[in-house]
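Be aware that the first sequence starts at 4, since it is given in my numbering, and climbs by one per residue.
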Amino acid sequence: MSTYDRIYAVVCQIPPGRVATYGQVATLANLPGQARLVGYALYRVDMAVLDIPWHRVVNVKGEISHSPRRRGTDYRQQALLEAEGIVFDDQGKLDLKRYLWRSSHF
DNA sequence: AGACTGACGGTCT
DNA sequence: GAGACCGCCAGTC
Numbered sequence: 004m005s006t007y008d009r010i011y012a013v014v015c016q017i018p019p020g021r022v023a024t025y026g027q028v029a030t031l032a033n034l035p036g037q038a039r040l041v042g043y044a045l046y047r048v049d050m051a052v053l054d055i056p057w058h059r060v061v062n063v064k065g066e067i068s069h070s071p072r073r074r075g076t077d078y079r080q081q082a083l084l085e086a087e088g089i090v091f092d093d094q095g096k097l098d099l100k101r102y103l104w105r106s107s108h109f
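Below you can see the structure in the form of structure tokens.
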């Protein structure tokens with residue numbers, strides 16, 4: 004099982020209506036401190052389908068990580084999360100205290 | 001084989 | 001709370 008496969012496996016466990024941070028996913032994938040790898044892995048996901056719930060991963064500030072390279076999928080991410088009942092404030096941030104996934108590992 | 005590329009976050013000031 | 005700094009690695013050409 005490759006490093007990226009472990010990351011994808013963790014992301015698949017995030018329940019609807021909740022979010023996880025890049026760092027949290029890294030830790031659960033047994034890659035502590037390597038949040039960046041999670042970003043690298045998610046960039047390679049086919050975002051046309053939701054085999055992997057890629058939209059449930061946000062940064063530690065409760066924001067969606069925007070990038071021109073994402074070609075608009077970052078805005079789609081917010082729409083997908085709102086469809087699951089997650090509310091964003093006027094700064095485009097969500098409340099991590101409220102929506103962060105508490106996995107049974109913690 | 002080496003260069004380049006890419007969704008980050010913990011720590012320190 | 002807000003910046004600056006810096007380590008991070010797999011896939012592709």
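Beta carbons are placed, not taken as given, at the ideal position from N, Cα and C, and that holds for glycine.
Annotation: S5 to G95 spans about 34 angstroms, alpha carbon to alpha carbon.
Judged by their CB atoms, I55 and V48 are nearer to each other than the 8 angstroms cut-off.
The closest CA to that of A12, considering only G36, A32, G20, T24, is found on A32.
Counting along the chain, L99 sits inside the alpha helix (DSSP H) bounded by residues 99-102. DSSP places Q80 inside the alpha helix (DSSP H), whose first and last residues are 76-86.
The three-state secondary structure of A12, taken from DSSP, is helix. G42: member of the alpha helix (DSSP H) spanning 38-46, first to last residue. About 5 angstroms separates the CB atoms of I67 and Q80; that is less than 8 angstroms, so the two are in contact. Taking C-beta separations shorter than 7 angstroms and ignoring five residues to either side along the sequence, the partners of V28 in its chain run I10, V13, V14, V41, V60, following chain order.
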